[in-house]
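Counted the way this note's numbering counts, the sequence shown spans residues 4 to 335.
Backbone N, C-alpha and C fix where the C-beta goes; we use that ideal spot for every residue, glycine too.
Nothing here was measured: the structure is a model prediction, and the numbers come from that model.
Accompanying notes for the structure given below.
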Amino acid sequence: MFEIKNDWKLDEIRALFEMPFNDLLFKAHSIHREVFDPNQVQVSSLLNIKTGACPEDCSYCSQSSKYDTGLERESLMEIEQVLKKAQIAKDKGASRFCMGAAWRNPTDKSLDKVIPMIQGVKAMGMETCVTLGMLTPKQASTLKEAGLDYYNHNIDTSKEHYSNVVSTRHFQDRLDTLEAVKNADINVCSGGILGMGETEVDRASMLQSLANLEKHPDSVPINLLVPIPGTPFENVKPPSESEFVRTIAVARILMPNSVVRLSAGRLEMGEGMQALCFFAGANSIFYGEQLLTTDNPTAANDLLLFKRLGINRKDNQRLLFQDLELKVTLTS
Ligand code: SAM
Ligand code: DTB
Ligand code: SF4
């Protein structure tokens, strides 16, 4: 464990962003090694259990009803189908299964349908995570009673840039849900997206909001925007590779005990960039061919990446990967 600080000043964080790249990475990696095994990366798989027709207007999202993204709407999946997908993810080596729904917030009736999914996935021996939109404190307690391990709810960007990204809710709404999740004693997973026209100061401010929460999120996903045709952000200029890696490094320094997830956007990242992100302190990925509605690297490619980088060779996930490693070796 590392000393936790949650009174970070914006200037202190900006100063980290402005450090020479090598110094910043060295600092982040040194902290990373003190807390975590630097060659271990946690793997989570994602499943969208309800697709599209979302009333929110998040400018990055394929599932908002406000934009014509060509996405086919699907109502809540049946539990049998969900558990089948979860078993596939488990067989491929995922240790956590995260279910997402395109809701502004779940109704109590829909939450009742998600609960057996959580229980079913847990019974398979995987950790569970759901991302269902805004929650009331009572709904958060219901999820806790169902045995939920993690709730994902991203703040997405800085409080200053938030209204340029979403107009149908406020930054404070996100913080309120995070508070409800924390109070229900569910592990918090919260992070953001880079590549939505934000400045470096916005990135610093977003990380400041996460790092100054009363308790740091257990898990911090850093997504690179996957540009979706038909959304307002389809043509926004992405950050440079070093800007992205810097954000991972600063997240690691500010939140030393949190797992930092290199999340959406990995299809656009080469082996070298992902390796730098792992060096800078990322120690989790989304694993499996699909994110929610867009593609992710194949499990076989990720296993090859891990093999080349010597990741997960020493821990017990090696057992889970053994079969697939063999397949990769035979087919590559
Ligand atoms: N509706 C719920 C919500 O918004 O909290 C849960 C699902 S939502 C799709 C989960 C998260 O996925 C968003 O908060 C955002 O951070 C991320 N996300 C969505 N679309 C993305 C995109 N095109 N590129 C990168 N990340 C994206
Ligand atoms: C997170 O931070 N990233 C994931 C998960 N939490 C739910 C979602 C990424 C979505 C990428 C775009 C898509 O596939 O629709
Ligand atoms: Fe809806 Fe979530 Fe997409 Fe926003 S990010 S439009 S809330 S599914």
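- Under DSSP, the beta-bridge partners assigned to residue 45 are 287.
- Uninterrupted beta strand (DSSP E) stretches at least 3 residues long and entirely within the segment 116 to 200 occur at 130 to 134, 153 to 155, 190 to 192, 195 to 197, given in chain order.
- Under a 10 Å Cβ-count criterion, residue 217 is classified as exposed, with fewer than 16 other Cβ atoms of the shown protein chains found around its own Cβ.
- One alpha carbon belongs to residue 280, the other to residue 256, and they sit about 13 Å apart.
- Distances from the alpha-carbon of residue 170 to those of 108, 275, 58, 194 put 58 closest.
- In the structure shown, residue 314 falls within a coil segment according to DSSP collapsed to helix, strand and coil.
- DSSP places residue 36 in the uninterrupted alpha helix (DSSP H) bounded by 24 to 38.
- By the criterion of at least three beta-carbon pairs nearer than 8 Å, the segment 280 to 298 is in contact with the segment 29 to 49.
- Sorting 85, 51, 84, 91 by C-alpha distance to the C-alpha of residue 75 places 51 at the top.
- Under the three-state reduction of DSSP output, residue 54 falls in the strand class.
- Between residue 254 and residue 28, the CB-CB gap reaches or exceeds 7 Å.
- Here the segment 201 to 209 makes no contact with the segment 147 to 156; the two share fewer than three CB pairs at distances below 8 Å.
- Boundaries for residue 225: no alpha helix (DSSP H) harbours it, while the beta strand (DSSP E) harbouring it runs 222 to 227, taken from the DSSP string.
- Residue 168 is positioned such that its CB atom lies closer than 7 Å to that of residue 62.
- With 16 or more other Cβ atoms inside 10 Å of its own Cβ, residue 103 counts as buried.
- Separation of the CB atoms of residue 261 and residue 235 is rounded to 30 Å, and the pair is thereby denied contact status at 8 Å.
- Residue pairing by DSSP places residue 263 opposite 223, 285 in a beta bridge.
- Residue environment for residue 107: exposed (fewer than 16 other C-beta atoms within 10 angstroms of its C-beta).
- By the 16-neighbour rule on beta-carbons within 10 angstroms, residue 121 is buried.
- Boundaries cannot be given for residue 105, as no beta strand (DSSP E) includes it and DSSP labels it neither H nor E.
- Between the alpha carbons of residue 162 and residue 302 lies a distance of about 35 Å.
- Around the beta-carbon of residue 212, 16 or more other beta-carbon atoms lie within 10 Å, marking it buried.
- The segment 136 to 147 makes contact with the segment 182 to 189: 3 or more CB pairs, one atom from each, lie closer than 8 Å.
- Look at residue 205 here: in three-state DSSP terms it is helix.
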